Amino acid sequence: MKLSPYDVVLSISVCFGLVVQPLLLVRPKSLRRACFLRNLTYFCLCAFAMPFFPRSSVISLAVVLAVQAVFALMVSSLRERIWALHSGPIVRLFIGIILLVGSLEWIVRVLYRSGQLTFNSPYSVWAEDSALSPRQGVLVCAVLYALVIRPFFLFDALSLQAKGISFYRNLVLVCLCGLVVPFYELFAVWMLAGLLIAETSWMLLQTRRSGPQRRLGLARVRPLSRGAVVVALSFVVVVGGSEWIARSLVRAGLVTAFTPLQTARLEGIADWRRAHIMGDTYREPDPVLLWRPVDREPYTAQRFKGPVVKIPKPSGTWRILCYGDSNTDGVETDSWPEQLQKVLSSAKDPTQYEVLNAGVVGYSSHQGLLRFDQEVETYTPDVVFIAFGWNDCVDAYGRPDKDYRAPSSWVVGVERTLLQFKAYLVLRNWFLNFRSDPASRTGEDTARVSSEDYLNNLEQFVRIARDHKATAILLTRPHKLSEADLAGDRTWRRRVPDYNDALRKFARDRKVLLIDTQEIFANRYADLFGDECHFTEVGRKKMAEILSQELVERRLLPGNP
């Protein structure tokens, strides 16, 4: 097993924080236990940030422990917790750089935010609106607490010199966050607030004591909130410690974590629809569509891949909308609709072509139809490609798509947060395996969209397109394996050829335009699939060429009526 640089930094930090510092740097012995428990809390607290900022959490833990060691060396004249070691010029230079650069960064940001300073930048440092954002409010409170309240109001039992040291240390932490904020702005703010909350919790746990513990920097605060603090810190240690253990075991290959976006569990009960709602950062919950693309990269604010288009459609523009599943959606940086845009735009034609990719990972024809009905009047397409069938066949555990209701937004938010933690994923994987005994399942599997409903959805697609004077073109769902191989599959994939056959018959009977992409790709371009049903880069280009050629041959483009 190869360790990454962050694994090495984490290992060194843990050894230093839990072994070296408490046992070797702390004097007298009575303070070692408190130092160990405090560092253990820091260690577990970082586990809560690890799922969201994995690398930053490791670095922040290492930096906090390093700052503590530096201050231990610098306050030796007070004979607090350390051997008689003295700080040298290198340590003072290091602290000076942090104070200078970090404070300068905060000052510039505040002046820029207040409108007193302007400069050219390739990106915006702060939000353009003048309202105070939540993280800026947290930052203001954290800085005021660190530099004013904590040193001068909570340390009433300490000497003026000790208060100055507390102020100086917190100033270094604030400036240290100033060095981090250009790279991890949100994380830096929460790191500062989290550290101060953790230290305040430790102060509240202390009773009125004299001697070394008072000199350690603990305030003389009555433990009014002792019970609540004990519960909170216990939660941090138990949950945070479990997270570190789970991550270590998963990395070592000793346990397996649940994968939220797996397409199917052959014997399990995981519902793919919930998996996409809960665990996909490029999709967000929607009360009607179940989920939809986000309004940021790789999608546009209009939630398509492709150009941002004008509404209403300008004259001289020929607009094509492509509805489908993951094969249409493509990868983050490429898709066959985007390749189709390039092919059409390269032709010697004065027409302005706009190809919008409305494909969404995991979508069935039921969801595609609902989205098309929402968008057709706004975007007024001239041609609509419709490519569904693979997800329609997937087993529906519970209810089919037309009867399925997405969880409420707060349930989605809670589970999306939980899915970031390895400890939760390990437990969930164990629970699913425990319940996934094939013998425990009863009844027949049903598809997310039945064959009958699939054809009804496509019929509605065609009708709505015609009502808006658009040409609807149906596409069979291409796949790598032959139809004979899929028909003999024991999973839901056996239904895919039947849905394609039903689509061909529907198009013949209703006289609807159909491009049989599965027939075109079968046995000729099988090497253009990256897996069982998704195109490679070459496959996406080939698909665009095929559709462009079909549009020309069927005289569906302007200029060749």
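Going left to right, the sequence shown walks through residues 23 to 583 as the numbering used here numbers them.
All C-beta atoms in this analysis are idealised placements derived from N, C-alpha and C, irrespective of residue type, glycine included.
As the structure is a computational prediction, the values presented were derived from the model and not from experiment.
(request) Give the straight-line distance between the Cα atoms of PHE326 and TRP358, rounded to the nearest whole angstrom. (result) 13 Å
(request) For GLY39, count neighbouring C-beta atoms within 10 Å of its own C-beta (all shown protein chains included) and say buried if the count is 16 or more, exposed if not. (result) buried
(request) Could you have a look at LEU246 and say whether DSSP puts it in helix, strand or coil? (result) Any reading at LEU246 needs caution, since the residue's pLDDT is 44, under 50, leaving its predicted position unreliable; the model's value is listed next. Three-state result, LEU246: coil.
(request) Going by DSSP, name the residue or residues bridged to TRP340. (result) TYR375
(request) With a 10 Å radius around its C-beta and 16 neighbouring C-beta atoms as the bar for buried, classify ALA323 as buried or exposed. (result) exposed
(message) Output needed for ALA428: all residues of its chain with C-beta closer than 7 Å, excluding positions within five of it in sequence on either side, in chain order.
(response) ILE299, PRO307, PRO309 and LEU312
(message) Which of the three DSSP states is assigned to ALA494 in this structure?
(response) Residue state, collapsed to three classes: strand.
(message) How far does the alpha helix (DSSP H) with GLU559 in it extend, from its first residue to its last?
(response) Unbroken alpha helix (DSSP H) run through GLU559: 559 to 575.
(message) With the cut-off set at 8 Å, would you say LEU508 and PRO519 are in Cβ contact?
(response) yes
(message) Please report the distance separating the alpha-carbon of LEU575 from that of ALA529.
(response) The sequence given here has Glu at residue 575, not Leu. Near 18 Å, if we compare the C-alpha coordinates of ALA529 and GLU575.
(request) Would you check if there are 3 or more beta carbon pairs closer than 8 Å linking the stretch 428 to 444 to the stretch 376 to 394? (result) As far as the Cβ criterion goes, the stretch 428 to 444 does not touch the stretch 376 to 394, which means the pair count is below three.
(message) Tell me the rounded alpha-carbon separation between TYR321 and SER431.
(response) 22 Å
(message) Just to confirm my understanding: we take GLU354, look at its own chain, exclude 5 residues before and 5 after, and list those with CB closer than 6 Å. What are they?
(response) PRO320
(request) Inspect the beta-carbon positions of GLU541 and THR493 and report whether they are closer than 8 Å. (result) no
(request) Would you check if the distance between the CB atom of ALA84 and the CB atom of SER35 is smaller than 8 Å? (result) yes
(message) What would DSSP say about ASP29, mapped onto helix, strand or coil?
(response) helix
(message) What residue range does the beta strand (DSSP E) around GLU319 cover?
(response) Element bounds for GLU319: n/a, residue is neither H nor E.
(message) I need the straight-line Cα distance from LEU87 to LEU440, nearest angstrom please.
(response) 28 Å
(request) Flag this pair as yes or no: are the beta carbons of ALA469 and ALA524 separated by less than 8 Å? (result) no
(message) Is the separation between the beta-carbon of PRO27 and that of TRP340 shorter than 8 Å?
(response) no
(request) Give the C-beta separation of ASP347 and PHE410 to the nearest angstrom, bearing in mind that I take them to be a contact with Cβ-Cβ under 8 Å. (result) 6 Å
(message) For a test of the three-state rule: what should DSSP assign to TRP412, helix, strand or coil?
(response) Coil, per DSSP.
(request) Measuring alpha carbon to alpha carbon, tell me which of PRO315, ARG305 and TYR375 ends up nearest PRO329. (result) Here the closest residue by C-alpha is TYR375.
(request) Quick one: give me the first and last residue of the beta strand (DSSP E) that TRP313 is part of. (result) 312 to 315
(request) With a threshold of 16 other CB atoms inside 10 Å of the CB of ILE537, please say whether the residue is buried or exposed. (result) buried
(message) With a threshold of 8 Å between beta-carbons, can LYS51 be considered close to chain E, or not?
(response) Going by chain labels, chain E is absent from the structure shown, which holds only one protein chain.
(message) Quick check on ILE537: does DSSP put it in helix, strand or coil?
(response) strand
(message) If you reduce the DSSP assignment to three classes, tell me which class ARG101 lands in.
(response) Note that ARG101 scores 39 on pLDDT, short of 50, meaning its location in the model is unreliable and no value can be drawn from it.
(request) From the DSSP output, in three-state form, read off LYS51 for me. (result) helix
(message) I'd like the span of the beta strand (DSSP E) that includes ARG305, first residue to last.
(response) 305 to 308
(request) Measure the alpha-carbon distance for ASN479 versus GLU399 and round it to whole angstroms. (result) 18 Å
(message) For ILE81, tell me which candidate among CYS57, PHE65, CYS66 and VAL31 has the shortest Cα-Cα distance.
(response) VAL31
(request) Locate the alpha helix (DSSP H) running through TRP432, then write down its first and last residues. (result) In the DSSP annotation of this structure, the continuous segment of the alpha helix (DSSP H) that includes TRP432 starts and ends at 431 to 440.
(message) Measuring only the C-alpha atoms, how far is ASN61 from ARG305?
(response) If I take the Cα positions, the gap works out to 38 Å.
(message) Suppose the cutoff is 7 Å on Cβ atoms and the five residues either side in sequence are ignored; what does the same chain contact list for ASP317 look like?
(response) ALA323 and ARG325
(request) Can you give me the Cβ contacts of THR558 inside the same chain, cut-off strictly under 7 Å, excluding the 5 residues immediately before and after it? (result) LEU550, PHE551 and GLY552
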